[in-house]
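Presented below is the structure to which this report refers.
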Amino acid sequence: EVQLVESGGGLVQPGGSLRLSCAASGFTVSSNYMSWVRQAPGKGLEWVSVIYSGGSTYYADSVKGRFTISRDNSKNTLYLQMNSLRAEDTAVYYCARGVVGATWTFDYWGQGTLVTVSS
Amino acid sequence: DIQMTQSPSSLSASVGDRVTITCQASQDISNYLNWYQQKPGKAPKLLIYDASNLETGVPSRFSGSGSGTDFTFTISSLQPEDIATYYCQQYNTFGGGTKVEIK
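Residue numbers (my numbering), protein chains in the order written: chain A, 2 to 120; chain B, 289 to 391.
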């Protein structure tokens with residue numbers, strides 16, 4: 002059974018850093034493209050970043066230069082390193098699995114982890 | 289970036305009603321359009337991919353159609369468990385969402 006479990010969220014001050022983890026089971030993260038998607042309180046979904054099976058990475062303009070997506074194949078875990086955090090980064094962060102052979106289609110999502118950026 | 293305009297932003301319908309949501313792309317996206325359902329406090333769930341393909345295990349009352357710039361998502365007979373917010377998505381862009389409530 003495919004499962005994604007996020008962790009690492011919490012309260013952080015503006016300018017601070019946080020690393021989110023997404024532990025996968027039931028499949029291999031390096032075989033699929035994987036994304037982070039966030040949702041600010043009461044708002045819609047916003048794509049954040051993607052890592053392809055070949056290792057290519059892409060970011061939303063709003064986080065480019067501050068966030069880094071990566072994976073550890075030995076731990077079958079996806080990460081999102083978030084630096085220089087701002088109040089507007091406050092959101093629930095979801096990791097999502099891309100469907101191999103489909104274009105930007107996400108069939109499994111984690112339960113989400115809340116990041117709050119506040120002093 | 290391609291813009292996705294989803295409408296309406298909310299709707300209220302009775303159980304058994306047919307519900308339709310539209311999503312318009314700012315340029316031709318072929319059939320690269322997905323629909324997700326999100327219930328309060330839960331993660332999004334894929335319902336429809338590539339505009340009209342029903343994800344495995346999703347009830348057949350959900351359907352999608354369209355290509356190019358104009359897309360439609362339909363619930364043929366609204367059920368109480370369908371109360372949720374629905375999003376269209378194309379590549380890295382999500383529509384603004386449609387909150388569906390029971391009248």
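By construction, the Cβ of each residue, glycine as well, lies at the ideal position given by its N, Cα and C atoms.
At least 8 Å separates the CB of PRO368/B from every CB of chain A. With fewer than 16 other Cβ atoms inside 10 Å of its own Cβ, THR293/B counts as exposed.
Counting the other CB atoms within 10 Å of its CB gives ARG20/A a total below 16, which places it among the exposed residues. DSSP, reduced to helix, strand and coil, places GLU89/A within a helical segment of the structure shown. Not flagged as an interface residue toward chain B: GLU2/A, since no C-beta distance is shorter than 8 Å.
The alpha carbon of GLY9/A has as its nearest neighbour, out of SER119/A, GLU89/A and THR114/A, the alpha carbon of THR114/A. Ranked by how close their Cα comes to the Cα of MET35/A, the residues GLN14/A, SER50/A, GLY43/A and GLY45/A have SER50/A in first place. Residue pairing for ILE70/A: DSSP places it in a beta bridge opposite LEU81/A.
Between LEU79/A and PHE68/A, the CB-CB gap reaches or exceeds 8 Å. Neighbours of ALA61/A across chain B, judged by C-beta separation under 9 Å: ASN380. PRO332/B belongs to the set of residues whose beta carbon lies under 8 Å from a beta carbon in chain A. Annotation: Cβ neighbours of GLU343/B in chain A (cutoff 8 Å, chain order): ASP108. Pairwise C-beta distances place the region 345-365 of chain B in contact with the region 292-308 of chain B, as three or more of them are shorter than 8 Å. If the five residues before and after ALA25/A are omitted, its C-beta is found closer than 6 Å to the C-beta atoms of LEU5 and ASN77, all from its own chain and listed in chain order. Taken atom to atom, the span from the alpha-carbon of GLY354/B to that of THR344/B is near 20 Å. Not one beta carbon of chain A lies nearer than 8 Å to the beta carbon of ASP316/B. Taking the Cα positions, GLN112/A is about 26 Å away from GLY352/B. In this structure, LEU321/B sits away from GLN367/B, with a CB-CB distance that is not shorter than 8 Å. Within chain A, the residues whose beta carbon sits less than 7 Å from that of GLY385/B are GLY45, listed in sequence order. Across the structure, PHE382/B and SER85/A are spaced so that their CA atoms are roughly 25 Å apart.
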